[in-house]
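Quick note: the sequence shown, position 298, residue 903 per this note's numbering, numbers continuous.
Glycine included, every Cβ here is placed at the ideal spot set by N, Cα and C.
Remember, predicted model here, so these are calculated numbers, not experimental data.
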Amino acid sequence: MKLVYEKSRPGRRASSLPRPEVPAAEVPEELRRASPPRLPEISEPELVRHFTALADRTFGVDTGFYPLGSCTMKHNPRVNERVVNLPGFRDLHPLQEEEASQGALELMWRLQEILAEIVGLPSVSLQPAAGSQGELTGLLLMRAYFADRGEGDQRREIVIPDTAHGTNPASVTMAGYKLVDVKTDPRGNVDVDDLRGKVGPQTAGLMLTNPSTLGLFDEGIEEITRIFHEAGALMYYDGANLNAICGISRPGDFGFDIVHFNLHKTFSQPHGGGGPGGGPIAVRERLEPYLPVPAVVREGEAFRLDYERPKTIGKVRGFCGPFGVFVRSYAYIRSYGPALREMSEVAVLNANYLLARLKDTYEAPFDRLCMHEFVLSGRKLKREHGVTTLDVAKRLMDYGFHPPTIYFPLIVAEALMIEPTETEAKETLDAFADAMLAIAREAAGQSELLKEAPHVRPVKRLDEVRAAKQPVVRYRFEQHEVPQGAGEARQLEAQKGA
Ligand SMILES: Cc1ncc(COP(=O)(O)O)c(C=O)c1O
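This is how it looks when you write it as structure tokens:
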């Protein structure tokens, strides 16, 4: 497919605007461009076709099943978009005075209250913009808390299991802590014996997601909490997997002191490909004084922003945080109402259904019921037929499915991490399971089909390392000639605007 620059022809326009009647702004001579920018010149029908063709080639949760483990790619209800586009929300300026933004403040306050209830911790800050920023914020709270107690120099270590998501160790390092790795035991839980030897007066805290990235709820969570709290350390809950437990169990009840939410996952939000995220945190009373400012507080019937927190770690995000994400998450949660538990129950049911259909063909490294996602290993296919998990993932694209997360968590060889979410119908789950089983049969008889997949997608097998390390994301004009007549047409256009 040609780039829009390659389709460009001098003088073509999508629309022609009348000359503005206001005088052009005075731009100082030294700041003026020497020549107009080389923008593509294209007619409206060609422009529409260009972007429609691009849209046809992409894959998203609106085009098909997207079981990308740990990313919770669920359906984004359209009612959320209706609500977020109400003029009172959409057109609100972040510097609008409090009296004129009571509805927005009330929504944020209510969201804080709901999130506190969901995780069983009393105080919430909506500010962090993503799960990873919630992690960093939580760790900065730990630092502020221990510094206040005179233990800042002593408590320098954070313990993380070997199944942790990559952002966990990154956040620990960014917050200036030393990382201590703890192993996973043969049932997929944190290895408590390994843990005991690693927790002491030097420990600031634990960072754990539960259910883990293996999709397993840690059976030793009470013992783990006891070990950390007896050592005077804090417990941080990575809430990326909260979709498994809403309305069923609460991290605050099983001992965690700080929790982050991934609003964009658990409570829906178009977030694939870097869309806006939300990573609020909830904390126990003793950590509240250190939360970022401003807090949204209620006084009688009114709502206001409170900056009076002398011990705050400061701001972590501009204004109050990603407001559009708050509105969509609030709408999502309120649509469920008291039945929010069903969201998690169905997510867990869907995952277990798929696991049951697939575990005899692909190995399940831990023979347990899973939570909202599960991890399989493709090592049998590799051993017996020389077919890798990457080949399976690529072949799934030919069957019309987005591949699951692969080669993560790192402790499972040839890992496939599958998260169907609660918004998928049984027919979709069956079609996916049928495809996975068909691919396993192909691996046995026609392995070259897998090796060369995908066959029917616009982009075939890529050099993924090169694509990640040397992405070409801009058109290099210097490598292309200026087409005849292009300069004049653009010059003319620039003059018209002037
Ligand atoms: C287990 C886990 N923790 C943390 C994160 C980081 O969240 P975010 O992408 O919102 O920064 C993710 C993201 O995929 C995750 O899966």
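I need the boundaries of the alpha helix (DSSP H) containing residue 1050, first residue and last residue.
1031-1050 is the extent of the alpha helix (DSSP H) around residue 1050.
Tell me the rounded alpha-carbon separation between residue 678 and residue 637.
Spanning the two alpha carbons is a distance of roughly 46 Å.
List in chain order: all unbroken beta strand (DSSP E) runs of 3+ residues lying wholly within the stretch 879-920.
List check, beta strand (DSSP E) in window: 886-888, 900-904, 907-911.
With DSSP as the reference, label residue 678 as helix, strand or coil.
Note: residue 678 maps to coil in three-state DSSP.
As a quick exercise: from 844, 875, 853, pick the residue whose alpha carbon is nearest that of residue 864.
It is 844.
Would you grab the beta carbon distance between residue 1018 and residue 982 for me? Rounded to a whole angstrom, and I think it's under 8 Å.
Yes, residue 1018 and residue 982 are in contact; Cβ-Cβ is about 6 Å, under 8 Å.
From 1087, 801, 686, pick the residue whose C-alpha is nearest to that of residue 873; which is it?
When only C-alpha atoms are compared, the closest one is 686.
Using 8 Å as the cut-off, classify the Cβ of residue 977 as near or not near the heavy atoms of ligand 1, replying yes or no.
No, since every heavy atom of ligand 1 falls outside the 8 Å radius drawn around the Cβ of residue 977.
Roughly how far, in whole angstroms, is the beta-carbon of residue 819 from the beta-carbon of residue 1014, given that I think they are within contact range, below 8 Å?
Rounded, the Cβ-Cβ distance is 6 Å, consistent with contact.
Counting by C-beta, which residues lie closer than 5 Å to a heavy atom of ligand 1, in chain order?
Here the residues come out as 675, 735, 736, 737, 770, 772, 814, 843, 845, 867, 882.
In the structure shown, what three-state DSSP assignment does residue 763 receive?
Strand at residue 763.
Determine the burial state of residue 871: buried for a count of at least 16 other Cβ atoms within 10 Å of its Cβ, exposed for fewer.
Counting Cβ neighbours within 10 Å, residue 871 comes out buried, since at least 16 surround it.
Please list the terminal residues of the continuous alpha helix (DSSP H) segment that includes residue 746.
That run of the alpha helix (DSSP H) goes 736-753.
For residue 996, I'd like the list of residues in its chain whose CB is within less than 7 Å of its CB, leaving aside the five on either flank, ordered along the chain.
Closer than 7 Å at the Cβ level, and outside the excluded window around residue 996, lie 1055, 1056, 1058.
Measure the C-alpha to C-alpha separation of residue 909 and residue 772 and round it to an integer number of angstroms.
Distance between the alpha carbons of residue 909 and residue 772: 33 Å.
Leaving aside the five residues before and after residue 612 along the sequence, list all residues of the same chain whose C-beta is less than 8 Å from its C-beta, in chain order.
Result list for residue 612: 645, 647, 651, 655, in chain order.
Quick one, are the C-beta atoms of residue 795 and residue 753 less than 9 Å apart?
For residue 795 and residue 753, no; Cβs fall outside 9 Å.
Skipping 5 residues on each side, what residues in its chain have a beta carbon closer than 8 Å to that of residue 1062?
Within the same chain, residue 1062 has close Cβ partners 1002, 1003.
Terminal residues of the continuous beta strand (DSSP E) containing residue 979?
Start and end: 979-982.
Give every residue of the same chain whose Cβ lies closer than 8 Å to the Cβ of residue 1083, excluding the five residues on either side of it in the sequence, and list them in chain order.
Result list for residue 1083: empty, nothing under 8 Å.
Output the distance between the C-alpha atoms of residue 807 and residue 1074, rounded to the nearest integer angstrom.
Those two C-alpha atoms are separated by around 38 Å.
To the nearest angstrom, how far is the alpha carbon of residue 802 from that of residue 980?
Cα to Cα, residue 802 sits roughly 28 Å from residue 980.
Quick one, are the C-beta atoms of residue 883 and residue 731 less than 9 Å apart?
Going by C-beta atoms, residue 883 is nearer than 9 Å to residue 731.
Which residue marks the beginning of the beta strand (DSSP E) containing residue 786, and which one marks its end?
Counting along the chain, the beta strand (DSSP E) containing residue 786 begins and ends at 783-787.
Going by CA-CA distance only, name the one from 777, 816, 741 that's closest to residue 675.
Nearest option by C-alpha distance: 816.
State the Cα-Cα distance for the pair residue 792 and residue 971, rounded to the nearest angstrom.
Cα-Cα distance, rounded: 6 Å.
So for residue 841, helix, strand or coil by DSSP?
Looking at residue 841 - three-state DSSP - the assignment turns out to be strand.
Consult DSSP for residue 826 and reduce its assignment to one of helix, strand or coil.
Helix.
Comparing alpha-carbon positions, which option in 702, 608, 862, 694 lies nearest residue 936?
That would be 694, whose Cα lies nearest to the Cα of residue 936.
Can you check whether the CB of residue 962 is closer than 9 Å to the CB of residue 1034?
A contact, by the Cβ cut-off of 9 Å.
Say whether the stretch 920-935 touches the stretch 706-722, bearing in mind that this needs 3 or more beta-carbon pairs closer than 8 Å, one atom from each stretch.
As far as the Cβ criterion goes, the stretch 920-935 touches the stretch 706-722, which means the pair count is three or higher.
Compare the beta carbon distance of residue 986 and residue 1045 with 9 Å and say whether it is the shorter of the two.
Cβ atoms of residue 986 and residue 1045: closer than 9 Å.
Tell me which residue opens and which closes the alpha helix (DSSP H) that residue 938 is part of.
Taken as a continuous stretch (DSSP letters only), the alpha helix (DSSP H) holding residue 938 covers 928-941.
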